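In our numbering, the protein residues as written are 2 to 111.
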């Protein structure tokens, strides 16, 4: 590898790939927060506490699917690109955020 190729990779391609990665991460994090935090709050209310067990088990089921398998399943349905990756990231991050929201609210003394 000569210095010209290294220069091109580090100064031209790396910032583009970093921006793509940050975009995917920010979209999936924001979507997860928008979906999981209200879900966790709602599931701690007395009316909906009986559904918490069911919802958390469904989210646990999503966690058992490996990310690459999830993307492989999503490709025929959604196609190739950023959308399957974002959906896989969201599906894998819903459980920890929802579970920790529920745990945090239940730990606070009423």
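We put the beta carbon where it would ideally sit given N, CA and C, even for glycine. Keep in mind the model is a prediction, meaning the values are calculated, not measured.
Item	Value
Continuous alpha helix (DSSP H) stretch holding residue 5: start and end	4-9
Cβ separation of residue 60 and residue 95, assumed to be a contact under 8 Å, to the nearest whole Å	5 Å
Same chain, Cβ closer than 7 Å to residue 52, five either side skipped, listed in chain order	44
C-beta contact flag for residue 76 and residue 29 at 8 Å	no
Nearest residue (CA-CA) to residue 50, options 82, 111, 103, 73	103
Buried or exposed (CB count within 10 angstroms, at least 16 for buried), residue 27	exposed
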